[in-house]
Every structure is written in C-alpha cells, then in structure tokens.
Amino acid sequence: MAKGKIKKRSWAEPFKIKVVEPIKMLNKQQREKAAKDAGYNTFLLKSEHVYIDLLTDSGTNAMSDNQWAGMMLGDEAYAGSKNFYNLEKNVKKYYSMPYFVPTHQGRAAEHMISKILIKPGDYIPGNMYFTTTRLHQELAGATFVDVIVDEAHIPSSKAPFKGNIDLQKLDKLVNEVGAKKIPYVSMAGPVNMAGGQPFSMQNLRDVRDYCQKQKIKLWFDATRATENAYFIKERENGYENKTIAQILKEMCSHFEGIWVSAKKDLMVNIGGFLATRNKKVFEEARNMVVVYEGLHTYGGLAGRDMEAMARGIEEMVQYDNIRARIGQIEYFGNRLEKFNIPFVKPIGGHAIFLDAKKFLPHIPQSEFPAQTLAAEIYIDSGVRGMERGVVSAGRDPETGDHRYPKLELVRLTFPRRVYTQAHIDVTVESIVEVFEQRKKIKGLKMVYEPKYLRFFQGRFERL
Ligand code: F0G
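Numbering (my numbering), first residue to last: 209 to 671.
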C-alpha cells in the first residue's frame, strides 16, 4: 500500500445492531402544536412526538445481548436474590467499595446519604451543583457552596480539567464556617452542569489530602465515573497506559463512599446504588433503604434489573465501549465547530452543551434563552434537548429570587449505543438552520412554576 495509505485509523462502534425501534418525524405544524401543548418544555413532550431524543442519557441506553440474556435470569425473590449478590460482587470489584446498598435510581441514594451525613445548618462544598444532588442536600438542611474552578463557568475556556475543585475556594469556606460544619465534600466527575467536564487525578489527590487534614469526608457522585476515567487516560500524564478499570479503581480509592445513578455508565434503563468503605454509614443506609426503597437486597429494583446492572459494569470499563461513546460526542462537536455554533469547550463526556447566551444574545436571561432554544430546535426538526440554565438553577431558598447561573445552556445528550452518525448529521443540520434564523427568535415567559425542580414540569408561553 503505497499511494493513498491511511495513516490515522478511525474508531467504529464495537457492536452491531440486533433489534431496532422505529421512529418518525411529525410535520412542522404538528411539532409547533406539540411544543405549545407541552408549554415549550421539552420534558413535557410525548416521546412519540420526538424524532431524535437527546433529552438525556439517563436510562435511555441500549442494553447488550448479554444484558438482555441476564434479564431472563432474574431471581425475583423478595429477599436474597442471586442477582443482588452478582451485582454486589461487581460493585466491590470495580468500584472497590466493600459495602453496597441498591436503590431504584441515583436520587434515592442522594436522599439517603444527605440524610445520614448532613445536620441542619451544615455546608456542602461541591464542584458545581447537580439539580437533584443539591436539592437533597438542601432538603437535609445544608447550604450548597460551589467550589469548582472559575474556568468551569466560562464556555469558551479550553482547560482540560474544568471539573477540578478550586482548593482556595474550598479553604475559604472552611475558614469562614469551620470544618465541623462541613460533613463532606461532594465531588462529581465529569461535571454534568459544567458541560460533562472531568476532574484530574492530581486534583482529586490534592482535595483528598486537604480533606484528610481538615477531617472532612470526601464523597463521589460516580454516576459517569468511567467517562472521567477516560478523560484522565487521554489527558493526564502517567495514565495513558492504564486501563479504564484501573483508573476507576484509583479514583474510588480516594473517597469514603460513592452514590451512582446506574442509568448512565452501567447502560441499563433503571437502577442506582450507594457504596462505601464506612461500615457505620453503610449500616444506616441499609436500614434506611427499607423505609424508602425496599429490602436491602433489592432497593426498589427487580432481580432482573440488578442482573443487567451487574453485567453493565463489566461492559462499561471496556475501552472500546467508552471510546465509541465519547467518540460520538466528539464527532458531533467537531461538526458543529465547522459552522461556528457556540458550545461549551472542550467537548464533554456525555453531551454537547450549546451556549444559549451566545446563540441568542438578544434574549435576556430573564426570558429563558436556553429554554427557548431547546423548544426552537424541537420545532425545527423534532430533535429533543434540555434546558440547563436559569430554569434548571431554580430559586434561591433564602431570597426566593431566580438563581442566574453564568452558564445558560441547551444540553444535547447521547444515550449509549442508540443513535448513529447519520442521526448526528441530521441534528447538526437542524442546529445550523436554527442558528441561521436566530435573530427572528423571541423569548418565553413562565406561566406555571412547581416548587421543586421546576425545569421538569414548568410551563412557558411565547412572548
Ligand atoms: N448525579 C448526576 C451527575 C446525574 O446526572 C443524575 C441524573 C443524578 C445524580 C440523579 O440520578 O436520575 O438516577 O435519580 N441525571 C439525569 C440527567 C437525570 O439527565 O442528567 P437519577
């Protein structure tokens, strides 16, 4: 092979498609009506009215044949299901935590850990908030304090580890309120609301050293931990030859415990868990789970769900899987870049986050530019994304005012193993079309606002 020799080989998905689910696109008039009926909130659209569903990667994944085979081996005993023990074994092996409690999804684990560790009046520092995580911390009586590095709030900053914790910010909080008022530092990686941005292992070690010195616990939202591990392998010196499983293990070794929404990394449709090396916390969680979820050997899950999770753990650490997963997002981002579409850089782990402030600069944040943009993209092509801006940020519990986050984003999130490159191309075309028409787009006003997590159920009208 002399002439035309291919130097750099590209990746392809390490699977082929065995089952398909038909999708269809409504016409423009029907999409206009569907958007209006949904109060311009993509969470309120009917799934059958959506063409390409990039709302979330949560529980929307395609399971493997091996996971489906495991579903048939569900042991639906009320107590002591064998699938529980299979799952426990893999949580211990891959997340290297000795104690484990299953829950029906991530927020149930957040609820328990917040109740167990937080006293009213406490402070929880974290690398940017996540909606449900912060709400459970607040409901337990804590005040959340964002201690992420400044770059995380700047969409155009290309820093490789925008999920890092700023130790000066953390130290400032400790000096202000005292370490005794900080039961734990809440660390997530990659950071969802920052655009799927990872933390580095070095930053994690520094945070762990600091926390040890101050006698503050360190807990990890490990929901998309293998994506963080992949970025460490790609970007951090000394990790290029380590496996995803080794990096995941090393990450987890620095925490007292983790909570996980299994609906992401584990490539299942439902599930979550809490795992820890602290026996006392474990015993409390194991007792609490029977109040809110179910017996501690099923935690609100069917035996078959636990089997799919156990098998998903083995698949999530396979390099080819995670490379194809993140490779899809990279492909999407690189295509958008060609058309100068503003989005959060570097390209993140699970989604592209369009920068709605730059996309629709004529719409003030009080008129919900990201909410508007998500609705306009749906109307253009039936592609569904979600708002991650002022609506998601909610109101300050003290003042009752809107919280105006620096980031006003529309998230287009890829379910794992579900869509092809052609789906991405169609999505890019739609975004480019909306971008070309952007000057004609008007903002929204909120006409219904629920008390908790208003982005899920809030309703809007066009101005
Ligand atoms: N932590 C992170 C980082 C998450 O992204 C989520 C959910 C949760 C916790 C809560 O888990 O949904 O299983 O109760 N994120 C979804 C999303 C909803 O679309 O990003 P859950």
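The C-beta atom is built at its ideal place from N, Cα and C for all residues, glycine as well. It should be emphasised that the depicted structure is a prediction, and the values quoted were computed from it without experimental measurement.
{"query": "Per DSSP, what kind of secondary structure is Trp-219 in: helix, strand or coil?", "result": "coil"}
{"query": "Roughly how far, in whole angstroms, is the beta-carbon of Leu-456 from the beta-carbon of Trp-467, given that I think they are within contact range, below 8 Å?", "result": "Actually they are not in contact, since the Cβ atoms of Leu-456 and Trp-467 sit about 15 Å apart, beyond 8 Å."}
{"query": "In angstroms with no decimal places, state the Cα-to-Cα distance between Lys-388 and Thr-635.", "result": "49 Å"}
{"query": "Distance check for Val-626 and Gly-267, CA to CA, integer angstroms please.", "result": "12 Å"}
{"query": "Cα separation between Met-209 and Leu-568?", "result": "Confidence in Met-209 is poor, its pLDDT being 47 and thus under 50, which makes the residue's placement too unreliable to answer from."}
{"query": "Measure the beta-carbon distance from His-344 to His-319 and round it to whole angstroms, keeping in mind my assumption that it falls under 8 Å.", "result": "5 Å"}
{"query": "Closest by CA to Glu-669, which one among Ile-356, Lys-241, Lys-366 and Gly-541?", "result": "Lys-241"}
{"query": "Considering just the uninterrupted stretch of the beta strand (DSSP E) at Ile-466, what are its terminal residues?", "result": "465-469"}
{"query": "Taking the continuous beta strand (DSSP E) assigned at Leu-562, which residues delimit it?", "result": "559-563"}
{"query": "Go ahead and label Arg-603 buried or exposed: buried means 16 or more other beta carbons lie within 10 angstroms of its beta carbon, across all protein chains shown.", "result": "exposed"}
{"query": "With distances taken Cα to Cα, identify the nearest neighbour of Arg-315 among Thr-341, Ile-260, Phe-540 and Tyr-418.", "result": "Thr-341"}
{"query": "By how many angstroms is the C-alpha of Val-415 removed from the C-alpha of Lys-423?", "result": "12 Å"}
{"query": "Taking only three categories from DSSP, how would you classify Leu-381?", "result": "helix"}
{"query": "Please report the distance separating the alpha-carbon of Glu-372 from that of Lys-471.", "result": "Looking at the sequence provided, one finds Asn at residue 372 rather than Glu. Rounded to the nearest angstrom, the two C-alpha atoms are 24 Å apart."}
{"query": "For Thr-505 and Gly-288, I'd like the C-alpha separation in whole angstroms.", "result": "6 Å"}
{"query": "By alpha-carbon positions, which one of Leu-652, Gly-480, Asn-495 and Tyr-586 ends up nearest to Gly-508?", "result": "Gly-480"}
{"query": "Taking Asn-269 and Arg-662 to be in contact with their CB atoms under 8 Å, please state how far apart those CB atoms are, rounded to whole angstroms.", "result": "Actually they do not touch by this definition, with Cβ atoms about 27 Å apart."}
{"query": "In the DSSP output, which residue or residues are listed as bridge partners for Tyr-331?", "result": "Thr-351"}
{"query": "So who's on the other strand from Val-618, going by DSSP bridges?", "result": "Leu-562 and Glu-595"}
{"query": "Which residues in the same chain as Leu-652 place their Cβ atom closer than 8 Å to its Cβ, once the five residues preceding and following it in sequence are excluded?", "result": "Tyr-248, Glu-575, Phe-576, Gln-579, Thr-580, Ala-583, Phe-668, Glu-669, Arg-670 and Leu-671"}
{"query": "Can you tell me the Cβ-Cβ gap for Leu-544 and Val-618, rounded? I've got them flagged as a contact below 8 Å.", "result": "Rounded, the Cβ-Cβ distance is 12 Å, inconsistent with contact."}
{"query": "State buried or exposed for Glu-606, treating a residue as buried only when at least 16 other CB atoms are found within 10 Å of its CB.", "result": "exposed"}
{"query": "Assuming Ile-530 contacts Gly-541 under a Cβ cut-off of 8 Å, what Cβ separation, rounded to an integer in Å, is found between them?", "result": "With a Cβ gap of about 17 Å, Ile-530 and Gly-541 do not count as contacting."}
{"query": "Taking a cut-off of 6 Å, which residues have a beta-carbon closer than that to any heavy atom of the ligand F0G, in chain order?", "result": "Thr-264, Ser-266, Gln-313, Gly-314, Arg-315, Phe-338, Thr-340, Thr-341, Ala-396, Asn-400, Asp-429, Thr-431, Ser-469, Lys-471 and Gly-480"}
{"query": "Within the same chain, show all residues whose beta-carbon is closer than 8 Å to that of Gln-376, passing over the 5 residues directly before and after it, in chain order.", "result": "none"}
{"query": "Quick check on this structure: which residue in Ile-231, Ser-600, Gln-454 and Ala-437 has the alpha carbon closest to the alpha carbon of Pro-658?", "result": "Ser-600"}
{"query": "Starting from the C-beta of Ile-560, find all residues in its chain whose C-beta is less than 8 Å away, skip the five residues before and the five after it, and write them out in chain order.", "result": "Ile-537, Phe-540, Gly-541, Leu-544, Phe-551, Val-552, Arg-619 and Leu-620"}
{"query": "Per DSSP, what kind of secondary structure is Leu-482 in: helix, strand or coil?", "result": "strand"}
{"query": "Is Gln-526 helix, strand or coil when you go by DSSP?", "result": "coil"}
{"query": "Nearest to Trp-219 by alpha carbon, out of Met-305, Gly-666, Gln-629 and Tyr-307?", "result": "Gln-629"}
{"query": "Is the separation between the beta-carbon of His-462 and that of Arg-413 shorter than 9 Å?", "result": "yes"}
{"query": "Assuming Glu-669 is part of the beta strand (DSSP E), what are its boundary residues?", "result": "667-670"}
{"query": "Relative to the C-alpha of Gly-597, which residue among Leu-426, Pro-613 and Gly-590 is closest?", "result": "Pro-613"}
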